[in-house]
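Chemist: Pasting in a structure now, in structure tokens, and then I'll have a few things to ask.
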Amino acid sequence: MPDQKNLVVAIVLSLVILLGFQYFYELPRMRAQQDAQQVQQAAQQAQQALQAPRPGATGAGVPTIPGAAVEPAAPAKADRAAIVAQSPRVRIQSARVTGSIALEGGRIDDVTLATYRRTTDPQSPPITLLNPAGTFNAAGTPEGYYVESGWVPEDRETAVPDDKTRWTADRTTLTPEQPVTLTWDNGQGLRFTRQYALDRDFMFTVTSRVDNATGRPVTLLPFALIARNGTPVTEGFYILHEGPIAVLNDVLREVDYSKVEKAKDGTIAESSTGGWIGITDKYWLVSLIPDSKEEIKTRFVHTKPENHDRYQADYLGAARQVAAGGTTTTTHRVFAGAKEVQLLGRYRDELGIAKFDDAVDWGWFHFLTKPIFQALDWIYGRVGNFGIAILILTVVVKALFFPLANRSYVMMSRMKALTPEMTAMRERFGDDRQRLNQEMMALYKKHQVNPVSGCFPVVLQIPVFFSLYKVLFVTIEMRHAPFYGWIHDLSAHDPTTVLNLFGLIPFTAPHILDPISIGAWPIIMGITMFLQQKLNPQPADPVQAKVFMFMPIIFTFMLGQFAVGLVIYWSWNNLLSMAQQWVIMKRTARATATAKVK
Numbered sequence: 036m037p038d039q040k041n042l043v044v045a046i047v048l049s050l051v052i053l054l055g056f057q058y059f060y061e062l063p064r065m066r067a068q069q070d071a072q073q074v075q076q077a078a079q080q081a082q083q084a085l086q087a088p089r090p091g092a093t094g095a096g097v098p099t100i101p102g103a104a105v106e107p108a109a110p111a112k113a114d115r116a117a118i119v120a121q122s123p124r125v126r127i128q129s130a131r132v133t134g135s136i137a138l139e140g141g142r143i144d145d146v147t148l149a150t151y152r153r154t155t156d157p158q159s160p161p162i163t164l165l166n167p168a169g170t171f172n173a174a175g176t177p178e179g180y181y182v183e184s185g186w187v188p189e190d191r192e193t194a195v196p197d198d199k200t201r202w203t204a205d206r207t208t209l210t211p212e213q214p215v216t217l218t219w220d221n222g223q224g225l226r227f228t229r230q231y232a233l234d235r236d237f238m239f240t241v242t243s244r245v246d247n248a249t250g251r252p253v254t255l256l257p258f259a260l261i262a263r264n265g266t267p268v269t270e271g272f273y274i275l276h277e278g279p280i281a282v283l284n285d286v287l288r289e290v291d292y293s294k295v296e297k298a299k300d301g302t303i304a305e306s307s308t309g310g311w312i313g314i315t316d317k318y319w320l321v322s323l324i325p326d327s328k329e330e331i332k333t334r335f336v337h338t339k340p341e342n343h344d345r346y347q348a349d350y351l352g353a354a355r356q357v358a359a360g361g362t363t364t365t366t367h368r369v370f371a372g373a374k375e376v377q378l379l380g381r382y383r384d385e386l387g388i389a390k391f392d393d394a395v396d397w398g399w400f401h402f403l404t405k406p407i408f409q410a411l412d413w414i415y416g417r418v419g420n421f422g423i424a425i426l427i428l429t430v431v432v433k434a435l436f437f438p439l440a441n442r443s444y445v446m447m448s449r450m451k452a453l454t455p456e457m458t459a460m461r462e463r464f465g466d467d468r469q470r471l472n473q474e475m476m477a478l479y480k481k482h483q484v485n486p487v488s489g490c491f492p493v494v495l496q497i498p499v500f501f502s503l504y505k506v507l508f509v510t511i512e513m514r515h516a517p518f519y520g521w522i523h524d525l526s527a528h529d530p531t532t533v534l535n536l537f538g539l540i541p542f543t544a545p546h547i548l549d550p551i552s553i554g555a556w557p558i559i560m561g562i563t564m565f566l567q568q569k570l571n572p573q574p575a576d577p578v579q580a581k582v583f584m585f586m587p588i589i590f591t592f593m594l595g596q597f598a599v600g601l602v603i604y605w606s607w608n609n610l611l612s613m614a615q616q617w618v619i620m621k622r623t624a625r626a627t628a629t630a631k632v633k
């Protein structure tokens with residue numbers, strides 16, 4: 036019995052430490068970091084950030100993209116719509132993506148995700164993903180975020196299109212049914228053509244062609260880059276990666292913004308054949324996908340022009356010699372959209388993009404997290420509600436582990452029946468620990484009881500708990516997924532709070548009161564946890580008894596700010612465990628009574 040209780044306490048306390056670290060350390064640290072960042076950036080007199088260096092290397096005989104030009108200064112809090120209107124554009128129009136491509140520079144710098152909203156309110160603005168250079172938010176933080184591509188000449192005298200080039204478009208609107216072709220002539224015999232195509236989701240295909248009428252061979256190297264001005268405010272949780280990301284040489288690379296900033300020369304470089312590179316947020320991804328057979332040199336770059344951080348993910352392709360009178364063509368793709376698991380998986384399979392679905396941060400325990408998500412998604416496709424899918428999945432998990440859990444509860448029932456005898460032994464041999472342990476082991480053997488087996492229900496619940504937590508936290512499918520009643524987003528905490536009597540009085544608690552702003556579902560979870568404990572054998576050790584008594588209260592407050600889908604899972608799991616445990620204990624008690632009569 037002591038061994039059993041010590042193990043259970045160790046497991047539970049470990050869980051408390053992990054969750055407590057997340058809630059009481061990571062969450063306040065994240066908010067403090069966000070506040071400090073906003074204050075610092077709002078205090079700066081924001082000017083338009085210089086462009087970071089384009090892909091290439093310096094040195095004699097090495098192809099280098101010309102140094103970036105200074106863009107016109109933009110005042111802080113620049114109006115995005117005004118910046119978009121400053122240059123002629125090709126409109127992007129599809130059911131899922133709207134925005135435009137700037138004809139000056141040929142940049143994809145205006146992308147809005149039409150099917151995703153900022154809040155659960157269907158009338159709230161859609162998600163804006165890409166912004167033109169010069170865009171600032173209300174706090175004065177630069178938010179330019181765009182994709183650019185082009186050619187690097189081996190001969191620096193060869194004129195190639197740059198960020199100031201004014202392209203000519205063959206039509207005014209890009210749609211999934213209708214690609215757009217841009218053209219530009221350098222006046223020296225080179226004609227550059229760039230075609231943009233868009234599928235029905237979030238994938239752009241960019242095909243660049245060069246026709247050489249110079250009368251001499253020309254060598255060019257293709258490049259593409261993603262530039263992001265300003266350090267974005269991230270969730271700040273250790274279980275989630277946000278920032279530069281790539282799959283190079285078939286290996287996933289996740290690099291923090293701070294790591295790029297601290298790197299030598301602010302650059303992290305790697306060569307690869309194929310793969311992809313980009314920048315990820317919690318739910319959104321912008322990535323460059325070159326040809327899978329292309330030999331590329333990739334970089335993550337950090338610069339700080341005008342005292343603003345600027346991050347860049349780029350690649351440089353192999354040299355192409357364009358013979359006199361000849362042509363060369365290169366194709367790459369640009370993903371700019373939501374990290375929908377099935378969509379990323381489809382692109383991985385159909386387009387041969389290695390590990391593209393790993394843009395979702397499945398974590399170290401992906402072998403559990405992925406199957407749990409896939410099971411939830413499959414059930415959701417049949418019932419139409421992720422909350423119901425969580426309840427059904429919980430039943431399935433309980434059924435899968437029923438034989439083991441059944442044996443555990445039988446052991447717990449036997450242990451509970453032995454409590455009077457064990458208490459008497461402690462009183463009799465309390466000062467002789469060795470003799471007490473010997474008598475306890477003899478008692479266990481006599482009644483065929485394994486004191487450790489009662490821990491298995493707790494142990495089995497922990498990996499499922501953390502995997503479900505990860506799924507709720509990182510997958511966009513759970514974002515704004517409703518349940519019933521007051522739950523409109525399973526990935527957010529319970530919006531009700533005891534401080535305003537669960538919405539009966541008009542009071543919004545400040546963030547400083549978050550630790551005590553407990554909603555209805557966390558309270559339900561705490562009650563079910565308390566009732567479940569009442570069915571278990573109570574520890575004879577008074578210290579352990581007090582720890583167990585306070586566990587429901589501790590977990591109620593700790594899970595108060597966690598995803599409510601997780602709290603619903605835990606509450607439902609407690610109810611199922613209680614029902615199973617009650618039936619088994621009743622059956623065991625009857626069997627014991629019958630044996631005594633005989």
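Start counting the sequence shown at 36; every next residue gets the next number (the numbering used here). From the three backbone atoms N, C-alpha and C, an ideal C-beta is built for every residue, glycine too.
Thinking A371 and V146 are a contact (beta carbons under 8 Å), I'd like their distance in whole angstroms, please.
Modeler: In this structure, A371 and V146 form a Cβ contact; the two beta carbons are roughly 5 Å apart against a cut-off of 8 Å.
Chemist: For M119, which of A130, E139, T155 and L225 has the nearest alpha-carbon?
Modeler: According to the sequence displayed, residue 119 carries Val and not Met. It is E139.
Chemist: Do V418 and D529 have their CB atoms nearer than 8 Å?
Modeler: no
Chemist: Within 10 angstroms of the Cβ of W399, are there 16 or more other Cβ atoms? Answer buried if so, exposed if not.
Modeler: exposed
Chemist: Below 8 Å on the Cβ atoms is my contact criterion, and I expect W607 with L426 to pass it. Report the Cβ-Cβ distance as a whole number of Å.
Modeler: 5 Å
Chemist: Is E385 near the ligand MG - that is, is its Cβ less than 7 Å away from at least one heavy atom of it?
Modeler: The ligand MG is not among the ligands present in this structure, which contains no ligands whatsoever.
Chemist: Would you report the Cα separation of A207 and K328, rounded to the nearest angstrom?
Modeler: The residue you asked about is not Ala; residue 207 is Thr in the sequence shown. Their backbone Cα atoms lie some 33 Å apart in a straight line.
Chemist: Who does N247 pair with in a DSSP beta bridge?
Modeler: According to DSSP, residue pairing for N247 in a beta bridge involves L225.
Chemist: Do G141 and L256 have their C-beta atoms closer together than 8 Å?
Modeler: For the 8 Å CB-CB criterion, G141 and L256 do not form a contact.
Chemist: Would you kindly report the start and end of the unbroken alpha helix (DSSP H) that includes T154?
Modeler: For T154, there is no enclosing alpha helix (DSSP H), as DSSP marks it with neither H nor E.
Chemist: To test your reading of the DSSP string, which unbroken alpha helix (DSSP H) runs of 4 or more residues are found completely within the region 237-323?
Modeler: 292-297
Chemist: How many Å lie between A410 and A281 at the Cα?
Modeler: 27 Å
Chemist: Which class does R345 belong to by DSSP, given the choice of helix, strand or coil?
Modeler: strand
Chemist: How long is the line joining the alpha carbons of P498 and F508, rounded to whole angstroms?
Modeler: Rounded to whole angstroms, P498 and F508 show a C-alpha spacing of 15 Å.
Chemist: What are the partner residues of F436, as DSSP defines its beta bridges?
Modeler: Note: F436 sits in no beta bridge, so no partner.
Chemist: Less than 8 Å between the CB atoms is what I'm expecting for E474 and F464, so what's the real figure, rounded?
Modeler: Between E474 and F464 a beta carbon distance of about 6 Å is seen, short of the 8 Å cut, so the two are scored as contacting.
Chemist: So what does DSSP say about A371, is it helix, strand or coil?
Modeler: strand
Chemist: Thinking C-alpha only, which one of P252, R191, M586 and D524 is nearest T154?
Modeler: D524
Chemist: Secondary structure at E330, three-state DSSP: helix, strand or coil?
Modeler: The three-state reading of DSSP puts E330 in strand, counting E and B together.
Chemist: Between the C-alpha atoms of R381 and R368, what's the straight-line distance to the nearest angstrom?
Modeler: Distance between the alpha carbons of R381 and R368 is about 15 Å.
Chemist: Buried or exposed for G520, going by 16 or more other Cβ atoms inside 10 Å?
Modeler: For G520, the number of other beta carbons within 10 angstroms of its own is below 16, and it is reported as exposed.
Chemist: Can you give me the Cβ contacts of T366 inside the same chain, cut-off strictly under 8 Å, excluding the 5 residues immediately before and after it?
Modeler: These residues qualify, in order along the chain: T240, V241, T242, S243 and D326.
Chemist: Near V506, which residues of its chain fall below 8 Å by C-beta distance, leaving aside the five closest residues on each side in sequence?
Modeler: T404, I407, F408, L411 and M513
Chemist: On the DSSP bridge list, what partners appear for Q128?
Modeler: T133
Chemist: Give me the DSSP bridge partner(s) of T203.
Modeler: T218
Chemist: Bridge partners of D145, per DSSP?
Modeler: S135
Chemist: Whose C-alpha, out of A394, V445 and Y292, is nearest the C-alpha of G323?
Modeler: Correcting the residue type first, residue 323 is Leu in the shown sequence and not Gly. Measuring from the Cα of L323, the nearest candidate turns out to be A394.
Chemist: Would you check if the distance between the CB atom of I127 and the CB atom of L209 is smaller than 8 Å?
Modeler: yes
Chemist: With respect to the alpha helix (DSSP H) encompassing G643, which residues constitute its N-terminal and C-terminal limits?
Modeler: An answer regarding residue 643 cannot be provided, because it is not within the stretch 36 to 633 covered by the chain.
Chemist: If I follow the unbroken alpha helix (DSSP H) through I414, where does it start and stop?
Modeler: Boundaries of the alpha helix (DSSP H) around I414: H401 to V418.
Chemist: Apart from the five residues on each side of it in sequence, which residues of its chain come closer than 6 Å, Cβ to Cβ, to A298?
Modeler: none
Chemist: Specify, as a first and last residue, the run of the alpha helix (DSSP H) that R463 falls within.
Modeler: Where R463 is concerned, the enclosing alpha helix (DSSP H) stretches over T454 to F464.
Chemist: Comparing alpha-carbon positions, which option in N166, V132 and R124 lies nearest R115?
Modeler: Nearest C-alpha to R115: N166.
Chemist: Can you tell me the Cα-Cα spacing of P279 and D392, whole angstroms?
Modeler: 15 Å
Chemist: Which stretch, first to last residue, makes up the beta strand (DSSP E) that contains G185?
Modeler: Y180 to P188
Chemist: Residues in the same chain with beta-carbon distance under 7 Å from L610, minus the five sequence neighbours each way, listed in chain order, please.
Modeler: T563
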